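Trainee:
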Amino acid sequence: MIIDKLISSNFRNQRISAISSKLTGEYTVATDLVSYSHPDQVFPLHPEQQFFLDEIIESKIAEARVLEIGLGSGVLSIGALRAGAVYVTALEINPRAKNYAGFNILANGLEGKIEIRDGDVSDIWKPVNGDRFDYIISNPPFEPTPQGMTHYLHSAAGIWGLDFVEAILKELDDHLTAAGHGQIVTFAPGNAQEPFMLVDMAQKYLKGETKIKVNPISIKFGEFVDRFVENEQATVEQVEEIKKMAQDNDVSHLYLCVLHYSKGEQTLTVTDTTLAYEAWLNPL
Ligand SMILES: C[S@@+](CC[C@H](N)C(=O)[O-])C[C@H]1O[C@@H](n2cnc3c(N)ncnc32)[C@H](O)[C@@H]1O
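In numbering that gives the first Met the number 0, the protein residues as written are 0 to 283.
1) When you compare only the Cα positions, how much space is there between E240 and N190?
2) Assign L66 to one of three DSSP states: helix, strand, or coil.
3) Using the three-state DSSP reduction, which class does P145 fall into: helix, strand or coil?
4) By the three-class DSSP mapping on this structure, what secondary structure does D122 have?
5) Which whole-angstrom value is the C-beta distance of G83 and E110, which I expect to be below 8 Å?
6) Could you tell me whether any non-hydrogen atom of ligand 1 is closer than 8 Å to the CB of E67?
7) Tell me the DSSP secondary structure of E114 in three-state form.
8) Could I get the ranges of all uninterrupted alpha helix (DSSP H) runs contained in the stretch 229-273, with 4 residues as the minimum, in chain order?
9) Assuming P46 is part of the alpha helix (DSSP H), what are its boundary residues?
10) Taking the alpha helix (DSSP H) that L90 falls in, what are its first and last residues?
11) Suppose contacts are defined by Cβ-Cβ distances below 9 Å. Is R95 in contact with V33 by that definition?
12) Taking contact to mean at least 3 C-beta pairs separated by less than 8 Å, is the stretch 205-222 in contact with the stretch 255-266?
13) What are the boundary residues of the alpha helix (DSSP H) that I104 is part of?
14) From what residue to what residue does the beta strand (DSSP E) around V164 run?
15) Give a single yes or no on whether F42 has its beta carbon closer than 8 Å to a heavy atom of ligand 1.
16) For the structure I just gave you, are there three or more beta carbon pairs, one from the stretch 127-144 and one from the stretch 60-75, closer than 8 Å?
17) From the DSSP output, in three-state form, read off S8 for me.
18) Based on Cα-Cα distance, which residue from E142, W124, F186 and S76 lies nearest to L175?
19) Let me know if D31 comes out buried or exposed under the rule of 16 or more other beta-carbons within 10 Å of its beta-carbon.
20) Which value, in whole angstroms, describes the spacing of the CA atoms of T27 and D247?
21) Ordered along the chain, which non-local residues of its own chain (more than five positions away) have a Cβ less than 8 Å from that of L161?
22) Excluding the 5 residues flanking G221 on each side, which residues of the same chain have their C-beta closer than 6 Å to its C-beta?
23) Can you check which of these residues, T272, S76, F102 and D53, is closest to I113 by C-alpha distance?
24) Which one of T272, V213 and K203 has the shortest CA to CA distance from T266?
25) So, is A233 buried or exposed, given that buried needs 16 or more other C-beta atoms within 10 angstroms?
26) Is any heavy atom in ligand 1 found nearer than 8 Å to the beta carbon of T30?
27) Using CA coordinates, which residue listed in I56, I211, T272 and D249 is at the minimum distance from K21?
Written as structure tokens, this is what we have:
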């Protein structure tokens, strides 16, 4: 395999991960090492990408022209093509990620199938203004982020981790073709029963059919943000402040969800996945 040769000669400080799903089969991508702890880290593979690939809808991805918002290593765009899409337009703001994605696209034999466009920090939809797509995908930055904390470009997403998701949902419908489909994987804060913040946001912005699939294994919000202190990413004060905000807003748990959206009558369902994604905070 060409990728194995390229990797063994050039990629000693990178992480090589294989991923596989029913629709995509197995393939390999290079990302940064987990220990490369700089803001421009190219996001390593986690159970969220597996969850995303497992949720791709075969009939909708077939022959689809896809938009990915937040390309990273390219793992999902490559997966979309392997699952049956014909072309991907992908947005990214991180130059390091664009380089990795370029490499991964070539190594997977998909040159000419993915166009990488510069993302826009203040208006994520600007690079595709007026364009519509058959399948819009994103694994956006979605970690609850204490105020004032420096975080990875791939994860910083405001107090609730939903700033980027909100920007996507606001214009998702406008950028889909009539039979188009949107699919987003995200963390979502909630109470012990459900990820109510994502549910509320979907009700507010999505006027068609929304299905939220929830990984049945949730984690405690407090435990998640405590990791920022352990990893020396945030101060105790910053983390105590976000925990207090969570308490004031009845947020106690964090869920891993995939949101599906298509045009139609406004409906919203929330269901647990049958397959549980264990240890979903940890790299694959
Ligand atoms: C959680 S990572 C996911 C990367 C990849 N899709 C994956 O699944 O591994 C989110 C990505 O969004 C990118 N991003 C952040 N802000 C963006 C923006 N305004 N426009 C486009 N991409 C952005 C980050 O640089 C990062 O690569």
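The beta carbon of each residue, even a glycine, is placed where N, CA and C say it ideally should be.
Values in this document were obtained by computation on a predicted structure and should not be read as measured data.
Mentor: A quick look at the data gives this:
1) 18 Å
2) strand
3) coil
4) coil
5) Actually they are not in contact, since the Cβ atoms of G83 and E110 sit about 18 Å apart, beyond 8 Å.
6) yes
7) strand
8) 235-247
9) P46 to E54
10) Premise fails: L90 lies in the beta strand (DSSP E), Y86 to E91, not in any alpha helix (DSSP H).
11) no
12) yes
13) P94 to A106
14) Careful: V164 lies outside any beta strand (DSSP E), inside the alpha helix (DSSP H) at D162 to L171.
15) yes
16) yes
17) The predicted model places S8 with a pLDDT of 49, which falls under 50 and marks its position as unreliable; any figure quoted below should be read in that light. S8 falls in the helix class under three-state DSSP.
18) W124
19) buried
20) 43 Å
21) F141, T185, A187, P188, M196, L197 and M200
22) K242
23) S76
24) K203
25) buried
26) yes
27) I56
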